[in-house]
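In order, the protein sequences belong to chains A and B. Take 1 as the starting number for the first sequence in the working numbering and just add one per residue. Take 200 as the starting number for the second sequence in the working numbering and just add one per residue. In this text, a Cβ means the ideal position worked out from N, Cα and C, and glycines have one as well. A quick write-up on the structure given underneath.
Protein chains: 2
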Amino acid sequence: MSNKTNDMIRYVAFRLFVEVGYEATNIRDICEEVDIKPSSLYFYYKSKEDLFFSIYDEVWEDKINVLNNVVELKHNISPSMKLYFLYKRLMEYYSENIIKMKFLLRYHLFPPEDVAATIRDKYREWSNKEDRVIEEIIIQCIERNILPYDRDLKDYVHEYKTFERGQLIEIIISNIRKEDREIDNSWLRFWNCSMSNSV
Amino acid sequence: MSNKTNDMIRYVAFRLFVEVGYEATNIRDICEEVDIKPSSLYFYYKSKEDLFFSIYDEVWEDKINVLNNVVELKHNISPSMKLYFLYKRLMEYYSENIIKMKFLLRYHLFPPEDVAATIRDKYREWSNKEDRVIEEIIIQCIERNILPYDRDLKDYVHEYKTFERGQLIEIIISNIRKEDREIDNSWLRFWNCSMSNSV
DNA sequence: GTCTATAAGAGGATAGAC
DNA sequence: GTCTATCCTCTTATAGAC
C-alpha cells in the first residue's frame, strides 16, 4: 500500500524511531506531524509494532539490495577487488544513509522489551543474507590463493565484519562523510595487517 | 546517603536503565523489586531524572578512577609502555564491567529526549578528564621520539580513542572477555600500523 | 479514508498519616 | 523512613459516524 498519507506516516515514524526511540515515539506525535488523526493511522497499520516492523524490514531490504548490486556489477573482476569495491560502495552508502544505519544500530544494540524477540529473529534472517555475500567472495579469495588458506573461513568473515562495523560506527558517531583517502587507508591497513598476515 | 534501601534502589535502577532503558524503566517496577512503595523512593531522589544522573555520575567516576590508578602506579616507566598498560587495564576493566560500559554507550549514543542536554554537558566534562590522561602520555611519547612528531597530538589522541572504542564495542557486542593473546595482537596492529607509521 | 469521541490503563509525582 | 491514597497527565487502541 503506497499513497501520500502512508508515505508521510512512514517517513515521520522512521525519523522519530531513530531520533527519540520506539518507546518515546507516540502515535499522537506522528499523526500531528502528518496532519491526520490517530484513528486514521490505524487504517494503515494495525499497531505501533506493525508500523515499526514494516519500516525495519524496508531498511534492511534497501541495504541488502546495495550488496547484491555490487556483486552483480562486479561479477567478473578479481575477488579481492570485489571485496574492496563492496567495502567502498558500503562506505558511500553508509555516509549517504547515516540515519538508516543509526536506526539499525539502535534497535540491534538496544531493542525495546516488547519487540526484542521479533527483532532478534528478523535480524538473524537478514544478516544471514548479508553474510552469505561476504562468504562467497572470501571463498573465492581463498581458492585463488589471494588469502592464506591456513585460516578459517568464519575467521575471515568475522575479521571483515568487525572491520566494517568499526568503520560504520566511526561514521555514525562522527556524523560526517569520511574522505576517500581515509577510506582507502583504512582498507589498506585492514587488508595488509588483519587479513593477509596470519596472526 | 548510603543505606541498604538506597543501595538496593540504585542497583535495581541501574540494571533496568541498562537493560530496558530510561523511558521504559518505571518507578513502580523499580520499587516492586526493591520491595518498597513508590513514595518511599521519592524520599531518596526527588525525581526519576535525579536518580538517573546520580547513577550516571557514579559510573563515570568509577571509570576515571581506573585511569588515574594506572597512571599513578606506572608513573616511572616509558610512556609507550604506560599507554600499553593503560590499554590493558582498560580492556580488563571493560570485560569485568560490560554492563557499566553498555550503560554509558547506550546513553551517549541514544540519549532520551528529556535528559539529552544534561547528558551532553556531563559527558563533555567527564570525557575531558579522560582525554587529558591520554594526552599527557602521548605528549611524553612525542617528546621522547617514540612517536613521530610530524603528526598532530590531537591526531594521535583521536587514533588511540578510536582504537580503544573499537575494542570496547567488540567486547560489548560479543559479550565475552577477549583472550590476552588477542588483546595483545590488537595492540601490536594498532601500535605498528596506526601509530608509528605515519600515513 | 478520515473523522469524533472515548475506553482502559499506565506513568510520574505528591499530601499527609504513622 | 515508609506507608496509604490519590491526582493528573499521557498513551495505545477501538467504535462507529460520514
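Between which two residues does the alpha helix (DSSP H) carrying B/P278 extend?
-> Translated into the one-based positions of the second sequence, residue 278 of chain B becomes position 79. Per DSSP, B/P278 belongs to the alpha helix (DSSP H) from P278 to E295.
Nearest-angstrom Cα separation, counted from A/S54 out to A/E32 | Residue mapping note: residue 32 of chain A aligns to position 32 of the first sequence, counting from 1. Residue mapping note: residue 54 of chain A aligns to position 54 of the first sequence, counting from 1. Distance between the alpha carbons of A/E32 and A/S54 is about 20 Å.
Step through the CB atoms of chain B and report whether any lies within less than 8 Å of the CB of A/C193.
-> Within the first sequence, the letter at position 193 stands for residue 193 of chain A. Closer than 8 Å: yes.
Identify the continuous alpha helix (DSSP H) that holds B/F252 and give its terminal residues.
-> As a working note, residue 252 of chain B is residue 53 in the second sequence. It spans K247 to L272 - the alpha helix (DSSP H) in which B/F252 sits, taken as one unbroken run.
Spatial distance of B/K299 from A/D131 (CA atoms) | Taking the first residue of the second sequence as 1, we reach residue 299 of chain B at position 100. Taking the first residue of the first sequence as 1, we reach residue 131 of chain A at position 131. If you take the alpha carbons of B/K299 and A/D131, they lie about 30 Å apart.
What residues in its chain sit with their C-beta under 6 Å from that of A/Y45, if we drop five residues either side in the sequence?
-> Start at 1 with the first residue of the first sequence, and residue 45 of chain A comes out as number 45. Residues of the same chain with a CB within less than 6 Å of the CB of A/Y45, apart from the 5 flanking positions on each side, are L51 in chain order.
Counting only beta-carbon atoms, is B/I368 nearer than 8 Å to chain A?
-> Against the second sequence, residue 368 of chain B aligns to sequence position 169. It does; some Cβ of chain A falls within 8 Å.
Between the C-alpha atoms of B/V398 and B/E363, what's the straight-line distance to the nearest angstrom?
-> Within the second sequence, numbered from 1, the residue matching residue 398 of chain B stands at position 199. Within the second sequence, numbered from 1, the residue matching residue 363 of chain B stands at position 164. In this prediction, B/V398 has a pLDDT of 47, which is less than 50 and means its spatial position is unreliable; nothing more can be read from the coordinates.
Any beta-carbon of chain A closer than 8 Å to the one on B/E329?
-> Your numbering for residue 329 of chain B matches position 130 in the second sequence. No, its Cβ sits nowhere closer than 8 Å to a Cβ of chain A.
Cβ of A/P148 within 8 Å of any chain B Cβ = To locate residue 148 of chain A, count along the first sequence from 1; it is residue 148. No, A/P148 lies away from the interface with chain B (no Cβ there is under 8 Å from its Cβ).
Buried or exposed (CB count within 10 angstroms, at least 16 for buried), A/F14 | Here residue 14 of chain A corresponds to residue number 14 of the first sequence, with the count starting at 1. Taking all protein chains in view, the Cβ of A/F14 is crowded by 16 or more other Cβ atoms within 10 Å, so the residue is classified as buried.
Kindly indicate which residue of B/K360, B/I372 and B/N296 has the alpha-carbon position closest to the one of A/I173.
-> Within the first sequence, residue 173 of chain A is the residue found at index 173, counting from 1. The candidate whose alpha carbon is nearest that of A/I173 is B/K360.
On the three-state DSSP scale, how would you describe B/S239?
-> Here the question's residue 239 of chain B lines up with position 40 in the second sequence. Per DSSP, reduced to three states, the secondary structure at B/S239 is helical.
Candidates B/H357, B/W325 and B/L240, of which the one nearest B/L266 by Cα | As a working note, residue 266 of chain B is residue 67 in the second sequence. The shortest Cα separation from B/L266 among B/H357, B/W325 and B/L240 belongs to B/W325.
Where does the unbroken alpha helix (DSSP H) through B/Y210 begin, and where does it stop?
-> The residue labelled residue 210 of chain B in the question sits at position 11 within the second sequence. Counting along the chain, the alpha helix (DSSP H) containing B/Y210 begins and ends at K203 to E218.
Give the C-beta separation of A/I171 and A/L153 to the nearest angstrom, bearing in mind that I take them to be a contact with Cβ-Cβ under 8 Å.
-> The sequence position of residue 171 of chain A within the first sequence is 171, counting from 1. The sequence position of residue 153 of chain A within the first sequence is 153, counting from 1. Contact doesn't hold; Cβ gap of about 27 Å is too wide.
Should A/K102 be labelled buried (16 or more other beta-carbon atoms within 10 Å of its own) or exposed?
-> Taking the first residue of the first sequence as 1, we reach residue 102 of chain A at position 102. By the neighbour-count criterion, in which a residue is buried when 16 or more other Cβ atoms sit within 10 angstroms of its Cβ, A/K102 is buried.
Figure out for me which residue from A/I183, A/P148 and A/E135 has the closest Cα to the Cα of A/R90.
-> Taking the first sequence and counting its residues from 1, one reaches residue 90 of chain A at position 90. First, the amino acid is wrong: residue 90 of chain A is Leu here, not Arg. Nearest of A/I183, A/P148 and A/E135 to A/L90, Cα basis: A/I183.
Just the chain A side, please: which residues come within less than 7 Å of B/V219 by C-beta, in chain order?
-> Counted from its first residue, the second sequence places residue 219 of chain B at position 20. Contact note: B/V219 reaches chain A through E113, using a C-beta cutoff of 7 Å and chain order.
Three or more C-beta pairs below 8 Å linking the stretch 313–327 of chain B and the stretch 265–283 of chain B | Using a Cβ-Cβ distance cut-off of 8 Å, the stretch 313–327 of chain B and the stretch 265–283 of chain B are not in contact, since fewer than three pairs of beta carbons, one from each stretch, lie closer than that value.
Return helix, strand or coil for B/N391, following the three-state DSSP convention.
-> Counted from its first residue, the second sequence places residue 391 of chain B at position 192. Note: B/N391 maps to helix in three-state DSSP.
By the 10 Å Cβ neighbour count, where 16 or more other Cβ atoms means buried, how is A/P79 classified, buried or exposed?
-> For the purposes of this step, residue 79 of chain A is taken as the residue at position 79 of the first sequence. That one is buried.
Should B/Q366 be listed as close to the ligand ATP, given that the test is whether its C-beta is under 7 Å from any heavy atom?
-> The model depicted lacks the ligand ATP and carries no ligand whatsoever.
Based on Cα-Cα distance, which residue from B/T204, B/E248, B/E271 and B/I235 lies nearest to B/T317?
-> Along the second sequence, one-based indexing puts residue 317 of chain B at 118. Closest in C-alpha terms to B/T317, from the list B/T204, B/E248, B/E271 and B/I235, comes B/E248.
Helix, strand or coil: which one does DSSP assign to A/T118?
-> For the purposes of this step, residue 118 of chain A is taken as the residue at position 118 of the first sequence. Looking at A/T118 - three-state DSSP - the assignment turns out to be helix.
Ordered along the chain, which non-local residues of its own chain (more than five positions away) have a Cβ less than 6 Å from that of B/I263?
-> Within the second sequence, the letter at position 64 stands for residue 263 of chain B. Same-chain partners within the cutoff: K328.
Using alpha carbons as the reference points, say which of A/I30, A/N192 and A/V20 lies closest to A/P148.
-> Against the first sequence, residue 148 of chain A aligns to sequence position 148. When only C-alpha atoms are compared, the closest one is A/N192.
If B/P311 sits next to B/Y221, beta carbons under 8 Å apart, how far is it from one beta carbon to the other, in whole angstroms?
-> Sequence index remark: in the second sequence, residue 311 of chain B carries index 112 (1-based). Sequence index remark: in the second sequence, residue 221 of chain B carries index 22 (1-based). About 5 Å; that satisfies the 8 Å criterion.
Can you round the beta-carbon distance between A/L83 and A/I169 to whole angstroms, since I take them to be within the 8 Å contact cut?
-> To locate residue 83 of chain A, count along the first sequence from 1; it is residue 83. To locate residue 169 of chain A, count along the first sequence from 1; it is residue 169. For a cut-off of 8 Å, the C-beta gap from A/L83 to A/I169 is around 20 Å, too long to register as a contact.
Helix, strand or coil at A/D152 according to DSSP, with G and I counted as helix | Numbered from its first residue, the first sequence carries residue 152 of chain A at position 152. Correct three-state label for A/D152: coil.
Can you give me the start and stop residues for the alpha helix (DSSP H) that A/R28 sits inside?
-> Indexing the first sequence from 1 puts residue 28 of chain A at position 28. Looking at the DSSP string, the run of the alpha helix (DSSP H) that includes A/R28 is I27 to V34.
So, using beta-carbon positions, are B/I229 and B/V258 closer together than 8 Å?
-> The residue you call residue 229 of chain B lines up with position 30 of the second sequence. The residue you call residue 258 of chain B lines up with position 59 of the second sequence. Cβ atoms of B/I229 and B/V258: not closer than 8 Å.
From B/F242 to A/L188, what does the alpha carbon distance come to, in whole angstroms?
-> What you label residue 242 of chain B is simply residue 43 of the second sequence in a count that begins at 1. What you label residue 188 of chain A is simply residue 188 of the first sequence in a count that begins at 1. Computed Cα separation, rounded: 58 Å.
Amino acids of chain B, ordered along the chain, whose beta-carbon sits closer than 8 Å to that of A/F110 | Your numbering for residue 110 of chain A matches position 110 in the first sequence. By Cβ distance, chain B contributes G220, R305 and F309.
Which of helix, strand or coil does DSSP assign to A/N175?
-> Counting from one through the first sequence, the residue named residue 175 of chain A turns up at place 175. Of the three classes helix, strand and coil, the one that applies to A/N175 here is coil, per DSSP.
Alpha-carbon spacing of A/H18 relative to A/H108, whole angstroms | Numbered from its first residue, the first sequence carries residue 18 of chain A at position 18. Numbered from its first residue, the first sequence carries residue 108 of chain A at position 108. Inspection of the sequence shows that residue 18 of chain A is occupied by Val rather than by His. If you take the alpha carbons of A/V18 and A/H108, they lie about 12 Å apart.
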